[in-house]
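Numbering (my numbering), first residue to last: 148 to 831.
Working notes, beginning with the structure itself.
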Amino acid sequence: MEVFGTNRLGQFEIKNGIANNMLLENGGSLRVEENDFAYNTTVDSGGLLEVMDGGTATGVDKKAGGKLIVSTNALEVSGTNSKGQFSIKDGVSKNYELDDGSGLIVMEDTQAIDTILDEHATMQSLGKDTGTRVQANAVYDLGRSDQNGSITYSSKAISENMVINNGRANVWAGTMVNVSVRGNDGILEVMKPQINYAPAMLVGKVVVSEGASFRTHGAVDTSKADVSLENSVWTIIADITTTNQNTLLNLANLAMSDANVIMMDEPVTCSSVTASAENFITLTTNTLSGNGNFYMRTDMANHQSDQLNVTGQATGDFKIFVTDTGASPAAGDSLTLVTTGGGDAAFTLGNAGGVVDIGTYEYTLLDNGNHSWSLAENRAQITPSTTDVLNMAAAQPLVFDAELDTVRERLGSVKGVSYDTAMWSSAINTRNNVTTDAGAGFEQTLTGLTLGIDSRFSREESSTIRGLFFGYSHSDIGFDHGGKGNVDSYTLGAYAGWEHQNGAYVDGVVKVDRFANTIHGKMSNGATAFGDYNSNGAGAHVESGFRWVDGLWSVRPYLAFTGFTTDGQDYTLSNGMRADVGNTQILRAEAGTAVSYHMDLQNGTTLEPWLKAAVRQEYADSNQVKVNDDGKFNNDVAGTRGVYQAGIRSSFTPTLSGHLSVSYGNGAGVESPWKTQAGVVWTF
């Protein structure tokens, strides 16, 4: 085939496998195959020249924006680029600069010397390269090539004295000797061993600095590497495809300066590997020096963890960060995380507050005094997740009580009032600040609405009232140790009252609740512990007293008894914590007095302001919650509590009235800084 013509540089021709004076630009390309020749080719912006095995291209003039892809098995490739002369001949590439997406493939038994990869260039090396510079988001691969979808690995590949500056180098196989990585976009990543190939090796100095990243996957060979981390991150990734086989990584020496070493699982990318197949990492080094952080994982329940083992001297200051978990180990278990052969190195727990959540209790890092450091249980302090479980159990009686108060206020408002049938509603908002000896601590804000209907039946010397009600409330619960919870309550019940004309009375209420509970807890490290469960509750209230009337004044002393219980529930938080909540109960006696004053206004409306004070004695002292297998906690809120209320009732028309009240309560671990109610009544 023959092609003749002219371009803006003059005449060109392609004849008998030889191309002369070609200009490649704006999407133009030329591929030089084995035994083909290209002379005096200009590769301008948008152009592409490919020189494959056995091809020859001389006099190449590569301009900015041009792209050149070359194999070191080409017979000869030479010319100029922005850095001057370059050549590939007899299997050796010298002074070759790649940019603008250009690529170089270094084949087995060939060499590349002083290659520069710039501006998204690529280089794949199966041979040997020396003095390669990878920068400006260029990508280098050692021990692997991908040519038109055909992937080849080579354990004979060698790279020496590489410098990575905001570029990326992937080591698949072979050996990398002396490498420096720097810049926030600088990455050195050593892949897990390929099937039928020896693990990739790092030898000599590995210097990672200026925000660069160093990553190793699985059991790569770093036994002859001196690793220096300066303001950078080394991520050690366990290979979870090797089930129940921990990753062992050895170093010659490790020096750190404001650096981080993170031990983690390989991300799960296939359905045949489950996330529960957690393999741990043991990092062993002859020496350790400097300062920095180690991030480790633990499975205290199975006595496994990542570990740091320094066989020789360790000097400097280091922090150990441990992942929180909700699963508990056996009581009193400890787990060694760090051992050294000597030196003055100090290791402390870097988690917030110097503690880590492991199941029910917090753990600290204990210096064993023999150059080893272990996680040890601190039974004096339960974890935030444990308090979250206790908090939610303690909140349900408070929900029941707040809803009950709307019905009690309705019964109190009809004393001495004559009517046939009434429909009523009452909205409530209350705040409770709670602490218990078991460790619960939270602030609950409840908002709810109760609707009811009742009828009054008169007898010769007395009257009775019978009614039904239903309601809904929502509680926002803020945990003292961080996180939050919600309780949505759906309630219905019945009530009845009897009042003698001499002022004696008896009231009774029965109600049932359905609670929908949601937990968004916070562990000490800030991670979320989520859970939800449903529970049921039932309770009753009986009140008896006497109402004295003296003109417009009335005084009503009373005694009351309240009982409530929930059913037991089991659930598990997202962090693995198991909760077994027993029956949470109220068993309470109350004595109090209400005083009111009735006023008839000239416009026909009435006002009745009132005050009420009561003392409540709570007897339920065995509200037990079991967390994991660490025994039972008792949400004991038994004790004495004072409650003080003020309110006003008003009739707007003969059939429409309203009420408003506020109250304060304190005692037995519960402070209620406010409780407000507002409602209307329609009689007919």
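Think of the CB as a built atom: it goes at the ideal place given N, C-alpha and C, for glycine as much as any other residue.
Inset, instruction - Would you check if the distance between the CB atom of Y916 and the CB atom of N168 is smaller than 9 angstroms? - result: In this structure the chain extends from 148 to 831, so residue 916 is not present and cannot be described.
Inset, instruction - Compare the Cα-Cα distances from V790 to each of Q764, F233, N515, Y566 and report the closest residue. - result: The count along the sequence shown starts at 1 and reaches residue 790 at position 643. Ranking Q764, F233, N515, Y566 by Cα distance to V790 puts Q764 first.
Legend entry - Which listed residue (S475, N343, T458, M724) has its alpha carbon closest to that of V485: As a working mapping, residue 485 is identified with position 338 in the sequence shown. Per the Cα distances, T458.
Legend entry - For V469, three-class secondary structure by DSSP: Working through the sequence shown from its first residue, we reach residue 469 at position 322. Looking at V469 - three-state DSSP - the assignment turns out to be strand.
Inset, instruction - State whether the region 674 to 692 contacts the region 707 to 723, with contact taken as three or more CB pairs (one from each stretch) at a distance under 8 angstroms. - result: Enough Cβ pairs lie closer than 8 angstroms, so yes.
Legend entry - Option in Y243, T830, D491, V310 with minimal Cα separation from T568: In the sequence shown, residue 568 corresponds to position 421, counting from 1. If we check each option's Cα against that of T568, T830 comes out closest.
Legend entry - Pairwise C-alpha distance: T712 and T534: Start at 1 with the first residue of the sequence shown, and residue 534 comes out as number 387. Start at 1 with the first residue of the sequence shown, and residue 712 comes out as number 565. Answer to the nearest angstrom: the Cα atoms are 21 angstroms apart.
Inset, instruction - Put T188 into one of helix, strand or coil per three-state DSSP. - result: For the purposes of this step, residue 188 is taken as the residue at position 41 of the sequence shown. Look at T188 here: in three-state DSSP terms it is coil, with no helix or strand label.
Legend entry - Continuous beta strand (DSSP E) stretch holding Q792: start and end: Here residue 792 corresponds to residue number 645 of the sequence shown, with the count starting at 1. Unbroken beta strand (DSSP E) run through Q792: 786 to 798.
Inset, instruction - Out of K352, A549, P531, point me to the one whose CA is closest to S375's CA. - result: Counting from one through the sequence shown, the residue named residue 375 turns up at place 228. Measuring from the Cα of S375, the nearest candidate turns out to be K352.
Inset, instruction - Using the Cα positions of T740 and D697, report the straight-line distance between them to the nearest angstrom. - result: The sequence position of residue 740 within the sequence shown is 593, counting from 1. The sequence position of residue 697 within the sequence shown is 550, counting from 1. Distance between the alpha carbons of T740 and D697: 15 angstroms.
Legend entry - Reduced DSSP category for V420 - H, G, I as helix; E, B as strand; rest coil: The sequence position of residue 420 within the sequence shown is 273, counting from 1. Only weak support is given to the placement of V420: the predicted model assigns it a pLDDT of 33, under 50, and the value that follows is read from those uncertain coordinates. The answer is coil: DSSP assigns V420 none of H, G, I, E or B.
Inset, instruction - Indicate the three-state DSSP secondary structure (helix, strand or coil) for N163 in the structure shown. - result: In the sequence shown, residue 163 corresponds to position 16, counting from 1. If DSSP states are grouped into helix, strand and coil, N163 belongs with coil.
Legend entry - Contact check, G595 vs H621, beta carbons under 9 angstroms: By one-based count along the sequence shown, residue 595 stands at place 448. By one-based count along the sequence shown, residue 621 stands at place 474. It is a contact, given that the beta carbons lie within the stated cut-off.
Inset, instruction - Take E336 and list the residues in its own chain whose beta-carbon comes closer than 6 angstroms to its own, dropping the five residues that flank it on each side. - result: Against the sequence shown, residue 336 aligns to sequence position 189. Closer than 6 angstroms at the Cβ level, and outside the excluded window around E336, lie N317, R362.
Inset, instruction - Using only alpha-carbon positions, find the residue among R788, V772, T787 that is nearest to N781. - result: As a position in the sequence shown, residue 781 is number 634, starting the count at 1. Closest option to N781, Cα to Cα, is V772.
Legend entry - Residues sharing a beta bridge with D276, DSSP: In the sequence shown, the residue the question calls residue 276 occupies position 129. Per DSSP, A259, S306.
Legend entry - Per-residue burial, H806 [other beta carbons within 10 Å of its own, 16 or more giving buried]: Counted from its first residue, the sequence shown places residue 806 at position 659. By the neighbour-count rule (16 or more Cβ atoms within 10 Å), H806 is buried.
Inset, instruction - Report all residues from its chain with a CB closer than 7 angstroms to the CB of N498; omit the five preceding and five following residues, and keep chain order. - result: Stepping through the sequence shown from its first residue, residue 498 is reached at position 351. Closer than 7 angstroms at Cβ, skipping near neighbours: F468, V469, S671, N672.
Inset, instruction - Just tell me which of V367, I252, L598, A166 has its CA closest to the CA of A221. - result: In the sequence shown, residue 221 corresponds to position 74, counting from 1. It is I252.
Legend entry - For L545, the nearest candidate out of T530, N525, T582 (CA to CA): The residue you call residue 545 lines up with position 398 of the sequence shown. Checked all of T530, N525, T582; the closest Cα to L545 is T582.
Legend entry - Test item: CB-CB of T577 and S819 under 9 angstroms: Translated into positions along the sequence shown, residue 577 becomes position 430. Translated into positions along the sequence shown, residue 819 becomes position 672. Cβ distance < 9 angstroms, so T577 and S819 count as in contact.
Legend entry - At least 3 beta-carbon pairs within less than 8 angstroms: the region 403 to 412 vs the region 425 to 439: yes
Legend entry - Beta-carbon spacing of T219, L245 below 9 angstroms: For the purposes of this step, residue 219 is identified with residue 72 of the sequence shown, where counting begins at 1. For the purposes of this step, residue 245 is identified with residue 98 of the sequence shown, where counting begins at 1. Going by C-beta atoms, T219 is not nearer than 9 angstroms to L245.
Legend entry - Limits of the alpha helix (DSSP H) - the one that E550 falls within: Mapped onto the sequence shown, residue 550 falls at position 403. 531 to 560 is the extent of the alpha helix (DSSP H) around E550.
Legend entry - Selection from S225, I795, D601, T445 that minimises the alpha carbon distance to S240: Counting from 1 along the sequence shown, the entry for residue 240 is found at position 93. The shortest C-alpha separation from S240 is found at S225.
Legend entry - Burial state of P801 (16 or more Cβ within 10 Å): Residue mapping note: residue 801 aligns to position 654 of the sequence shown, counting from 1. Classification of P801: exposed, given that the 10 Å Cβ count is below 16.
Legend entry - Spatial distance of N284 from G330 (CA atoms): In the sequence shown, the residue the question calls residue 284 occupies position 137. In the sequence shown, the residue the question calls residue 330 occupies position 183. Distance between the alpha carbons of N284 and G330: 11 angstroms.
Legend entry - Through-space distance from S808 to T823, alpha-carbon basis: Locating residue 823 in the sequence shown gives position 676, where the first residue counts as 1. Locating residue 808 in the sequence shown gives position 661, where the first residue counts as 1. Using only the alpha carbons, I get a separation of about 6 angstroms.
Legend entry - M447 (DSSP reduced to helix, strand or coil): Within the sequence shown, residue 447 is the residue found at index 300, counting from 1. Three-state result, M447: helix.
Inset, instruction - Pull up the DSSP beta-bridge partners for Q824, would you. - result: On the sequence shown, residue 824 is found 677 positions in, with the first residue counted as 1. Looking at the DSSP assignment, Q824 forms a beta bridge with I575, S808.
Inset, instruction - Assign G459 to one of three DSSP states: helix, strand, or coil. - result: As a first step, residue 459 is located in the sequence shown; it is residue number 312 there, counting from the start. Of the three classes helix, strand and coil, the one that applies to G459 here is coil, per DSSP.
Legend entry - Buried or exposed by the 16-neighbour rule on C-beta atoms within 10 Å, applied to L401: Taking the first residue of the sequence shown as 1, we reach residue 401 at position 254. So L401 ends up on the buried side.
Legend entry - Distance CB(K562)-CB(R788) smaller than 9 angstroms: If you number the sequence shown from 1, residue 562 lands on position 415. If you number the sequence shown from 1, residue 788 lands on position 641. In this structure, R788 does not lie closer than 9 angstroms to K562 by Cβ.
Inset, instruction - Please determine if the region 540 to 557 and the region 501 to 511 are in contact, where contact requires at least 3 C-beta pairs separated by less than 8 angstroms. - result: no
Inset, instruction - Measure the alpha-carbon distance for H745 versus T753 and round it to whole angstroms. - result: Position 598 of the sequence shown, counted from the first residue, corresponds to residue 745. Position 606 of the sequence shown, counted from the first residue, corresponds to residue 753. The straight-line gap from Cα to Cα measures roughly 7 angstroms.
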